[in-house]
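**Q**
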Amino acid sequence: SLPSKNPNFRFIAWESNSQGRITVKDINKFSLITKDKTFFICGPEGFKESIIPELVKMGAKKQNIHEEAFEFR
C-alpha cells in the first residue's frame, strides 16, 4: 500500500455522518498543515469551498491543494 511505501503519505478516511464534517483543525491533528505539504481533497463542492480557504489560512500553498468532486446520488 502507498502509506507503507511512503512514510510521508497519510490517508484520512472520515465518515461525516458519525464524526461530523471534517475541519482544518481535525486535519491538523493528524498532520500539521505546512506550506511544504500537498493535500488531496475529495468531496462535495460545498465542502471543498469551505475547507480549501481554511487550509490556505493555516499555511498550505494553494498550488499544493488538489481537489476532486465526489457526491452521493
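Here the sequence shown is numbered in my numbering, starting from 68 and rising by one per residue. Glycine is no exception: its CB is placed at the ideal position from the N, C-alpha and C atoms. Just so we're clear, the structure is a prediction, and the values are computed from it rather than from any experiment.
(1) Along the alpha helix (DSSP H) that carries residue 113, what are the first and last residues, could you check?
(2) Can you check which of these residues, 73, 117 and 90, is closest to residue 80 by C-alpha distance?
(3) Quick one, which of 125, 68, 136 and 113 has its alpha-carbon nearest residue 107's?
(4) Determine the DSSP secondary structure at residue 97, reduced to helix, strand or coil.
(5) Give me the Cα-Cα distance between residue 75 and residue 131, rounded to the nearest whole angstrom.
(6) From the DSSP output, read off the bridge partner residues of residue 107.
**A** According to the structure data:
(1) As a position in the sequence shown, residue 113 is number 46, starting the count at 1. In this chain, the alpha helix (DSSP H) harbouring residue 113 covers 112-124.
(2) Position 13 of the sequence shown holds residue 80. Residue nearest to residue 80 within the set 73, 117 and 90 is 90 (criterion: CA-CA distance).
(3) Walking along the sequence shown from the start, residue 107 turns up at place 40. Distances from the alpha-carbon of residue 107 to those of 125, 68, 136 and 113 put 136 closest.
(4) Taking the first residue of the sequence shown as position 1, residue 97 is located at position 30. Three-state result, residue 97: helix.
(5) Taking the sequence shown and counting its residues from 1, the one referred to as residue 75 is at position 8. Taking the sequence shown and counting its residues from 1, the one referred to as residue 131 is at position 64. Residue 75 and residue 131: Cα-Cα distance of roughly 15 Å.
(6) Mapped onto the sequence shown, residue 107 falls at position 40. Paired residue(s): 133.
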